[in-house]
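Participant:
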Amino acid sequence: MAIPRTQQGRYPAILSYGFRPFFLLGSFYAGGAVLFWLPLFYGRLATLSTFAPVDWHIHEMLFGYLAAIVTGFLLTAIPNWTGRLPVQGVPLLALVVTWLAGRIAVFFSALIGWQAAAALDCTFLLAVITAAGIEIVAGRNWRNLKVLAPVTVLFASNVAFHIEAHFNGISDISRRLAIGAAIVLIMIIGGRIIPSFTRNWLVRENPGRLPAPFGRFDTVTIIVSAIALAVWTLFPMETGTGLLLIVAAVLNAIRLLRWAGDRTLRDPLVLILHLSFIFVPAGLLLSGLAAITPEMVPTAAGAHAFGVGAVACMTIAVMTRSTLGHTGRQLQATSGTCSVYVAILLAAALRIAAAFASGHEVLVYLSGAAWAAAFLGYVMVFGGMLVRPRLRSR
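All letters in the sequence shown, in the order written, are residues 132 to 525 by the numbering used here.
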């Protein structure tokens, strides 16, 4: 369905579509927060948060940056699904302010109290789920209600994160629950857009073998993976959990191979989607091996394959493509875009390597620098597109 027109002229461009403020703020926050967190983690800076430094980092990556990008994607995709006008103007501004309030509240939670911080922070995803649900129902687009399931789990894990961190001193189950929800969301959304965009490009540019259409195998893979991640959330170090995660890793690797990614080397915008999804089976495999042989594979390897790999790389891939398409530009990757891709892939590789290395502080800093370069690079390359009106068709 064609993208519905926005109400031109009533609002500034940045409030005309959800991807504009949330991609911009989420990326800027992702890059800046990591630059702040590295000296924080090593004891050179301090926050006014009740969270331990590692929990502040995990929380803000999952419920700060990731929540913003997911919101930007949903508020942009839903009008395509329903044919309705996008959430824009004052309602969109209210969501942005709610997100900002959550970031401030978490940072200053030691001053305002953990309950107040939790209430302000958790309100954002609840508001997003409500707004998205209203639009999907109003458009009678029932089949896409399933996309809200992992977002709802993400909201529940945020509530649990605050409670767990307060009463136990550090998060545990809630962080894995949030990571699992993010990975399932990638499996659902990625399983829709990756073969679709790949097929469109191959039909036009490289005729031949095409991605396999969504079918029973994809459904089984997602279900098995969701079960494996749920078990991992509760029992991360059991042998049975490890075996289930490895089965899910194999299924997702096969699923990825069915999408003909090897035929997309000439288009970075499509190729990055396939490279990003590689970290889904990689994270499942590493987490599975960590459960079975923790003396050989650290748990941090799988966690960062999920976070810095699958989540960060896929969000970068989606943001760059969506920004170009929805601002009226050609779907072509410039050298700046390719640099962003290289930086985030490098960040993922370095952070996974750091998990295996003793005395890995240098690798962590290098990974953080590459991460910041990727997200702040996105702001530099695409920021102007996000704040200016959509280009008119010639």
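Don't be surprised by glycine CBs; every beta carbon is placed ideally from N, CA and C.
#1: Under a three-way DSSP split, which group does glutamate 426 fall into?
#2: Looking only at C-alpha atoms, which of Phe298, Asn299, Ile304, Ala269 sits nearest to valine 284?
#3: Among the candidates Ala183, Phe487, Ile294, Leu396, whose CA atom is the shortest distance from the CA of tryptophan 329?
#4: In terms of residues, what are the limits of the alpha helix (DSSP H) holding glutamate 191?
#5: Enumerate in chain order the residues of its own chain whose CB-to-CB distance from glycine 220 is below 7 Å, with the five nearest sequence positions on each side excluded.
#6: Less than 7 Å between the beta carbons of leucine 455 and glycine 433, yes or no?
#7: Are at least three pairs of beta-carbons, each pair with one atom in the region 308–321 and one in the region 235–245, less than 8 Å apart?
#8: With respect to 6 Å, is the separation between the Cβ of isoleucine 265 and the closest non-hydrogen atom of the ligand ATP below this value?
#9: Quick one: any contact between the region 256–265 and the region 226–239, if contact means 3 or more CB pairs under 8 Å?
#10: Per DSSP, what kind of secondary structure is glutamate 369 in: helix, strand or coil?
#11: Kindly provide the ranges of any alpha helix (DSSP H) runs that are 4 or more residues long and lie completely inside the region 215–290, ordered along the chain.
#12: Using only alpha-carbon positions, find the residue among Leu402, Ile260, Ala250, Met445 that is nearest to isoleucine 320.
#13: Which residue wins for smallest C-alpha separation from serine 356, given the options Phe298, Leu404, Gly419?
#14: Less than 6 Å between C-beta atoms, sequence neighbours within five positions excluded: which residues of the same chain meet that for tryptophan 332?
#15: Report yes or no: do three or more beta-carbon pairs, one from the region 143–163 and one from the region 503–511, lie closer than 8 Å?
#16: For proline 366, which option in Leu316, Leu387, Thr468, Ala422 has the closest C-alpha, if you only look at C-alpha atoms?
#17: Whole angstroms is fine: what's the gap from valine 278's alpha carbon to alanine 312's?
#18: Judging by CA-CA distance, which residue of Gly490, Phe513, Phe487 is the nearest neighbour of cysteine 469?
#19: Compare the C-alpha of arginine 175 against each of Ala485, Ile353, Phe167 and name the closest.
#20: Pairs of beta-carbons, one from the region 199–211 and one from the region 262–271, closer than 8 Å: are there three or more?
#21: On a CA-only basis, which of Ala287, Trp212, Ile325 is nearest tryptophan 570? Give me that one, please.
#22: Could you tell me the alpha carbon to alpha carbon distance between glycine 499 and phenylalanine 410, rounded to whole angstroms?
#23: Does the beta-carbon of leucine 517 have 16 or more other beta-carbons within 10 angstroms, so that it is buried, or is it exposed?
#24: Need the endpoints of the alpha helix (DSSP H) that glutamine 202 sits in, please.
#25: How many angstroms separate the CA atom of threonine 364 from the CA atom of arginine 523?
#26: Considering only the alpha carbon of each residue, which of Gly214, Pro326, Pro412, Ile354 lies closest to arginine 271?
#27: What is the rounded straight-line gap between the Cα of alanine 144 and the Cα of glycine 300?
#28: If I measure Cβ to Cβ from valine 290 and keep anything under 8 Å in the same chain, skipping five residues before and after, which residues do I get?
#29: On the three-state DSSP scale, how would you describe glycine 491?
#30: Is DSSP giving isoleucine 317 helix, strand or coil here?
#31: If you measure between the beta carbons of alanine 361 and alanine 379, is that distance less than 7 Å?
#32: Should phenylalanine 298 be labelled buried (16 or more other beta-carbon atoms within 10 Å of its own) or exposed?
#33: Which stretch, first to last residue, makes up the alpha helix (DSSP H) that contains tyrosine 148?
#34: How close, in whole Å, do the beta carbons of isoleucine 483 and isoleucine 447 come, if the pair is a contact with beta carbons under 8 Å?
#35: Helix, strand or coil: which one does DSSP assign to phenylalanine 348?
#36: What residue does the alpha helix (DSSP H) around phenylalanine 408 start on, and which one ends it?
Facilitator: Reading from the atomic positions:
#1: coil
#2: Ile304
#3: The residue asked about is misnamed: residue 329 is threonine in this sequence, not tryptophan. Selected option, being the one with the closest Cα: Leu396.
#4: Careful: glutamate 191 lies outside any alpha helix (DSSP H) and carries neither H nor E.
#5: Arg141, Tyr142, Leu146
#6: no
#7: no
#8: For the ligand ATP, the structure offers nothing, since it holds no ligand at all.
#9: yes
#10: coil
#11: 221–238, 240–243, 245–269
#12: Met445
#13: Gly419
#14: Asp398, Val401
#15: yes
#16: For clarity, residue 366 is phenylalanine in the given sequence; the question names proline instead. Comparing Cα positions, the closest option is Ala422.
#17: 11 Å
#18: Phe513
#19: Phe167
#20: yes
#21: The structure shown does not extend to residue 570, since the chain is modelled only from 132 through 525, so no value can be given for it.
#22: 18 Å
#23: buried
#24: Inspection of the sequence shows that residue 202 is occupied by threonine rather than by glutamine. From DSSP, the alpha helix (DSSP H) with threonine 202 extends over 198–213.
#25: 48 Å
#26: Gly214
#27: 43 Å
#28: Ala249, Cys253
#29: Glycine is not the amino acid found at residue 491; the sequence shown has histidine there. Three-state DSSP puts histidine 491 in coil, outside helix and strand.
#30: helix
#31: no
#32: exposed
#33: That residue, tyrosine 148, is in no alpha helix (DSSP H); it is neither H nor E in DSSP.
#34: That belief does not hold up - the Cβ atoms of isoleucine 483 and isoleucine 447 are roughly 17 Å apart, past 8 Å.
#35: helix
#36: 399–408
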